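Student:
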Amino acid sequence: MDPINWRAPHIKNKFVHTKHQALRKCCGCIHLRVGATLSCLVWIGLSLYFAILSFQEKSPFFSHMAAAPLYVFAVASIILTIVGFIGLLVLFRNRWEYIRLYSRIVWTALFIFLIDGLANACYFITQRGDFMNWCIDSTGTYLEGQVSLATNGATNEFNYVGDDYYNCQRLYQDECKFGLISIFLMIVLYVYWGLCIYSFSHKQGISNMEMASRLEFGMNNPRRLMTAGPGMAMPPPLTAGPIGRAAGPGRSNVIVLNNEPPSSATKNNSEKDDNNNRKKKTRHFSLRSLRKKPYRKNSIQYQLQSGKLKRKSVPDDLLYSQMDSQDAHKNQRRRSSPENYY
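Put into structure tokens, the structure is as follows:
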């Protein structure tokens with residue numbers, strides 16, 4: 001079977017990028033892209049609702065809380081809402097680079113939102129006294145007004161705010177339980193949806209690398225070229241140049257610049273070293289360099305031709321001992337003639 005069956009485009013390959021079924025499919029049965037879209041919609045709806053209530057100084061989980069923590073929670077909810085809208089655009093484009101970057105943004109927004117929600121729950125638990133005073137005062141004042149309306153303003157000596165007659169302690173305990181359960185449930189769901197988005201980005205990256213390798217193998221496979229019958233054209237290359245395997249982590253494209261074996265390189269290096277050594281040796285002065293050479297202007301033959309032979313300052317014995325007997329005899333005969341001196 002061909003690695004890329006371009007003649008049957010309806011056949012799709014499945015890429016298994018993880019062993020966990022919960023991360024291969026969102027909730028075990030939904031495609032990761034569809035599940036990520038649903039999670040973005042849930043984030044947009046809930047976070048927008050939380051932000052509106054918090055800006056009105058009303059907590060979505062507790063009956064009473066200070067204004068400062070609510071404003072901070074509202075800002076975190078707005079950030080998560082914006083991230084949800086960005087996620088819809090990224091999933092619509094379905095580009096691996098955008099999905100990978102969006103996965104990192106999601107983790108940052110989830111960290112801010114969940115940490116702030118957990119901090120608000122812990123803050124509510126520590127403010128038991130303020131909650132009890134608020135609950136008793138507000139309930140007693142409301143009840144006293146209703147009683148005065150029912151009795152047409154008759155005096156009543158009953159102290160409505162003197163004690164907890166309204167089960168404020170039980171209400172405080174119930175709200176603590178509800179707040180903690182809600183925030184932990186949000187942590188579990190939001191973190192799982194973030195993992196699904198990360199799994200989807202990982203799957204997209206693996207599928208792109210696998211597709212690039214299949215394209216390379218399909219274009220360079222001689223068996224596939226031979227099996228293509230007459231009249232069946234091969235698919236054109238995607239780019240003008242050769243298609244290379246995608247460079248993943250820990251690997252890179254290798255380009256061979258020189259095909260010479262290592263032995264030839266070492267031989268060339270040894271020859272260069274020998275030439276350099278010879279040049280260094282010839283730089284030193286030696287008496288043999290005074291011998292006649294056709295390419296030296298200071299040689300004896302050149303001086304004879306030009307008529308400007310000069311007596312060297314080197315002694316004759318030392319000069320003759322370094323020369324051959326034939327050269328010494330010629331030089332002695334030339335020096336004896338008076339026409340070569342001036």
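So the sequence shown is numbered by full-length UniProt numbering: it starts at 1 and just counts up by one. Beta carbons: idealized from backbone N, C-alpha and C, even for Gly. Keep in mind the model is a prediction, meaning the values are calculated, not measured.
1. Can you tell me whether DSSP reads cysteine 26 as helix, strand or coil?
2. Would you kindly report the start and end of the unbroken alpha helix (DSSP H) that includes glutamine 56?
3. Count the other CB atoms within 10 Å of the CB of leucine 70; is the residue buried (16 or more) or exposed (fewer)?
4. How would you label glutamine 173, buried or exposed, when you count the other beta carbons within 10 angstroms and need 16 or more for buried?
5. Tell whether a beta-carbon distance below 7 Å holds between isoleucine 136 and cysteine 168.
6. How many Å lie between valine 75 and methionine 186 at the Cα?
7. Measuring only the C-alpha atoms, how far is lysine 140 from glutamine 146?
8. Identify which residue in Leu88, Met65, Ile112 has its Cα closest to the Cα of glutamine 127.
9. Between glutamate 175 and the ligand GTP, is the CB less than 6 Å from at least one heavy atom?
10. Got a sec, what are the start and stop residues for the alpha helix (DSSP H) glutamine 146 sits in?
11. Roughly how many angstroms separate the alpha carbons of serine 201 and phenylalanine 131, rounded to a whole number?
12. May I ask which residues mark the beginning and end of the alpha helix (DSSP H) holding tyrosine 71?
13. In chain order, what residues of the same chain have a beta carbon less than 7 Å from the beta carbon of phenylalanine 55, not counting five sequence neighbours either side?
14. Does DSSP classify histidine 202 as helix, strand or coil?
15. Return the CA-CA distance between cysteine 29 and phenylalanine 50, expressed in angstroms with no decimal places.
16. Could you tell me the distance, in whole angstroms, from the CA atom of phenylalanine 62 to the CA atom of phenylalanine 124?
17. So, for alanine 36: in the same chain, excluding its five sequence neighbours on each side, which residues have a beta-carbon less than 8 Å away from its beta-carbon?
18. Any idea what DSSP makes of serine 63, helix, strand or coil?
19. Nearest by alpha-carbon distance to tyrosine 166: which of Trp134, Asp273, Ile181 is it?
Tutor: If we stick to the structure as given:
1. strand
2. Looking at the DSSP string, glutamine 56 is not in any alpha helix (DSSP H), and its letter there is neither H nor E.
3. buried
4. exposed
5. yes
6. 17 Å
7. Position check: residue 140 holds glycine in this sequence, whereas lysine was assumed. C-alpha separation (whole angstroms): 10 Å.
8. Met65
9. With respect to the ligand GTP, the structure shown offers nothing to examine, as it has no ligands at all.
10. 128-150
11. 45 Å
12. 67-93
13. Ala74
14. helix
15. 29 Å
16. 8 Å
17. Cys26, Gly87, Leu91, Trp193, Cys196, Ile197, Phe200
18. coil
19. Trp134
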